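Trainee: In full-length UniProt numbering, the protein residues as written are 1 to 134.
Built from N, CA and C at the ideal position, the CB exists for glycine as well.
For clarity, every value in this text was computed on a predicted model and none was experimentally measured.
Before anything else, here's the structure in question.
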Amino acid sequence: MIYHINRAKAKAEVTPEQIEAALESWRNQGRSNPAVKSFMVGRDLGGEFDYSCVLVVEDLDGLYEYLTHPATIGTDHLGLALLERLDIFDISDDDDPDLYAKIEELHRRRSALNPEIPGMLSDVPDFRGAGAND
């Protein structure tokens, strides 16, 4: 299993309506993508972030299906410009020592299919995660 986690901090000028639209877009990713086995969207408590999204997929194929799904791309277009900070990371019970390199490769493939996304990510003032250096 792979738990794909997004932690976000909104820019100060973002309205409550924009936040709710972005959160609903995250929820839609979980509801509309068959690769997502479960998900949770909510406030990020006790840290430097405002909101988080956890999506669970079975394997690398599921993660790639999630990364390239139209709902995920739509959320990128809607939400990335609203963010001051974004951390994306994965937790897995897979003991493959090359798993992170394989996840990075999925992000590279996604960027090749959607060349506007690396630019949108680089516009987030503080972004950390797989694909951050592509």
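The alpha helix (DSSP H) that contains N28, what's its start and end?
Mentor: 16 to 32
Trainee: Using 8 angstroms for Cβ pairs, my map puts L78 next to H4. What's the rounded Cβ distance?
Mentor: With a Cβ gap of about 18 angstroms, L78 and H4 do not count as contacting.
Trainee: Are A10 and D59 close, meaning C-beta to C-beta below 7 angstroms?
Mentor: no
Trainee: Extract the residue ranges of the alpha helix (DSSP H) inside the segment 57 to 102, only unbroken runs of 4 or more that lie entirely within it.
Mentor: 60 to 68, 70 to 79
Trainee: Answer yes or no: do V124 and L80 have a C-beta to C-beta separation smaller than 7 angstroms?
Mentor: yes
Trainee: Given a cut-off of 7 angstroms on the beta-carbon distance, is the pair residue 151 and A130 in contact?
Mentor: What is shown of the chain runs 1 to 134, which leaves residue 151 out entirely.
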